[in-house]
Structure formats: C-alpha cells, structure tokens
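Working notes for the structure below.
Numbering (our numbering), first residue to last: 432 to 798.
Shown next, in the form of structure tokens:
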C-alpha cells in the first residue's frame, strides 16, 4: 500500500533498525523502480561484472544510531538539478520518522520550515518528541553555513554541523556492515540472483569438465608420444654406439692434432703480420730494438720497444697512432693499442735519446 508504483514495477527491500522501545520494531523500506535496477544490472553485465548485492549506500549513513539519541539529522541533497532534504528524527533511542522533502520553487525555505514544523507537531502528538533536541546539518562547509542561518530564523534549538561521508567511506561502512551481517537491504531481484548463481555453477562445472578432459587427452598423447620417441632414440643410440665407438676415439685424437696445427699456423701468420706492420709503420729516425710476440688470454699480444731522437718525441705518438689505425683488408689489425711510455736516456758525448715502449692486442686470429 505504501508503494507509489505497481508492485510488479518496483524492487523493494527492508532495512531493520535497532530500537530501544519495547514491543516495537523500526524498519526502513527502500523502493526503486524496476527499470532503474534492470538498467543498472545491464550496464554491469556489459562490463563483465556480476553483482551479488545492490545497496543504497546513503542508507548506511542514515541507519547507524547516533551517539546523541535525541535530535533531527538533516541531509541536504542535489539530485538531477533538484534540491532535496532527507530528515531523520532520532528520539528515545529509535528512528521515529524519516522524510524526504522536495524543495521546489523560489520559496523552498518556507516549504522546508512548514514540513519540519508539521513533523515536530506530529511527534508531540504521538508522544515521542517530549524533550529539547538539537539540529544536525550533514553537508559540506559551504552549504552548512547557509542551512544553519536558515534554521536559526525559526528555531532556537542548538545546531551542529558535520561533513557527510565520502563515497570511499560509505563503501567501507557498507562492506563492514555486510561482513557483520548487519546490512539486510538488498535491491538485487531474486530472479537475477538465482540466474547469476546458476550461471556461476554452470561455468564451474563446464570449466571443470573441460579441464579434466583436456588434461586426460594431453596426458595420453604425451605418454604415447614420449614412449615412441624413446623407442626410436634408444634404437638409434644403440646402433651408433656399436658402429662408431672406435671411430669416435680416433676422431677426437685427429681433431686435437688439427687444432694444434691450426693454432700454430694462426700464431705464425699473426706474428708475421705484426712484425711487418711494425717495420712498415716505423718512422724514419726511430729504432725498433725489441719485438715480443706472445699469446694472451684471447688474442696474441705484441710488445714493442725502441728508441727515438730526443728532439723528435712526437714520432713515438705518431707511430703509436699509426699502428692503432692500421687496417688489413678493411679490418683493424689491432683491437687495442696501449699509450706509449717513454724515458730519456743519456748517451756518449752528452747525446740523449728517448727509450719508448707500448703493447698491442691483435683484433682477430683467423685469416
């Protein structure tokens, strides 16, 4: 009888509230048009989300009993450009009255005063409004000042203001109350809940059966495939072991000998290349007194020592740069050439010379 729409066009639920009055039970009935709920569920399903509950989050802020039992809590709202006010009358430890006031027109302040005054008189007649009370305005700071000034025009009762809970806070309260079993209002239609549950069970069964079948098929295929492969592999290995045992040993010995000869050949040509490069690039007036060729950890290393006139120190650096930039068949001959070190030595009749040395690593060994 309290529904503004036919029963088949609505979705409704009840939130039971605590009450301190004997032999009474306070409840808030939530009514929502069915097309709104189904449209909301359609958007959730398109996004791949299946809900198990649909709640009115603002209800959690209303149904929590305040610490100060006697008072009127006003919640100014803006919905689709319309100004609304939700008033909760808490007296004698229970929610005595809950009203939604539509504030329309330019004289909405007078309409608010009339609606609240009528409720106050009704409370006095019913006997639950017998003590002084306090107004509580739950609104952002910029709105709280406006509402506080409005109430003071026609009421001398104390006024307290506070900010409403934000959406994350309401979500936290909703989750906590649901976990404790305190939230009973669920706007999810029973037929949708049953369909979602059945779809979930069907998906579990189908996925489970499909998974077991695939595991079985892959297991059988893998078993026979592995068995056949091992049989072929074993037969091939037995044949090779029987026929190539002695050949394998001879091949290893021959390979080692060839490798030794190849290394010797590579080192020989590497030494000749280095010596030729050192001789060809040696500037006029410089003397090469020592040429040491040795194999490093990766490539051969050449150490050069010699002397140069003391009045021409730049020739040592020129010689070093020439070897660093030297190429053979378009490729650098040396991978790295260290900077030269030089020392001035005295000779006979007061003559002096520069003793120099540096080393170089070959870039490649192959020809």
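Beta carbons: idealized from backbone N, C-alpha and C, even for Gly.
Item	Value
Restricting to Cα atoms, I'd like to know which of 794, 544 and 570 is closest to residue 591.	570
On the DSSP bridge list, what partners appear for residue 808?	Within the shown structure, residues of the chain are numbered from 432 to 798, placing residue 808 beyond reach of any answer.
Going by C-alpha to C-alpha distance, which of 524, 472 and 742 sits closest to residue 494?	524
Look at the alpha carbon of residue 752 and the alpha carbon of residue 698, and state the distance between them as a whole number of angstroms.	24 Å
Touching or not, the region 444-452 and the region 522-538, by the rule of three or more beta carbon pairs under 8 Å?	yes
Take every Cβ of the region 506-522, pair it with every Cβ of the region 569-587, and state whether three or more of those distances are shorter than 8 Å.	yes
For residue 772 and residue 687, I'd like the C-alpha separation in whole angstroms.	41 Å
If you follow the beta strand (DSSP E) that residue 533 is in, where does it begin and where does it stop?	525-534
Once DSSP output is grouped into helix, strand and coil, what is the label at residue 487?	coil
Which residues in the same chain as residue 623 place their Cβ atom closer than 7 Å to its Cβ, once the five residues preceding and following it in sequence are excluded?	472
Would you list, in sequence order, the uninterrupted alpha helix (DSSP H) runs of no fewer than 4 residues that lie entirely inside the region 455-481?	465-477
Would residue 556 be called buried (16 or more neighbouring beta carbons within 10 Å of its own) or exposed?	exposed
Check residue 596 in the structure and name its three-state DSSP category.	coil
Looking at residue 602 and residue 564, is the spacing between their C-beta atoms short of 8 Å?	no
Once DSSP output is grouped into helix, strand and coil, what is the label at residue 408?	With the chain covering only 432 through 798, there is no way to say anything about residue 408.
Alpha carbon to alpha carbon, how far is residue 586 from residue 594? Give it in angstroms, no decimals.	22 Å
CB-CB under 8 Å to residue 798, same chain, minus the five flanking residues each way: which ones, in chain order?	Residue placement at residue 798 is flagged as unreliable, the pLDDT there being 48, under the threshold of 50; the coordinate-derived value follows with that caveat. Once the five neighbours on either side are set aside, the close Cβ partners of residue 798 are 697 and 700.
Does the ligand ZN have even one heavy atom less than 7 Å from the beta-carbon of residue 587?	This structure simply doesn't include the ligand ZN, nor any ligand for that matter.
Starting from residue 518, follow the alpha helix (DSSP H) in both directions and report where the run begins and ends.	No alpha helix (DSSP H) contains residue 518, which is instead part of the beta strand (DSSP E) from 513-522.
What is the DSSP secondary structure of residue 578, reduced to helix, strand or coil?	helix
So who's on the other strand from residue 762, going by DSSP bridges?	759
Please report the Cβ distance between residue 792 and residue 766, rounded to the nearest whole angstrom; I am assuming they are in contact, meaning their Cβ atoms lie under 8 Å.	5 Å
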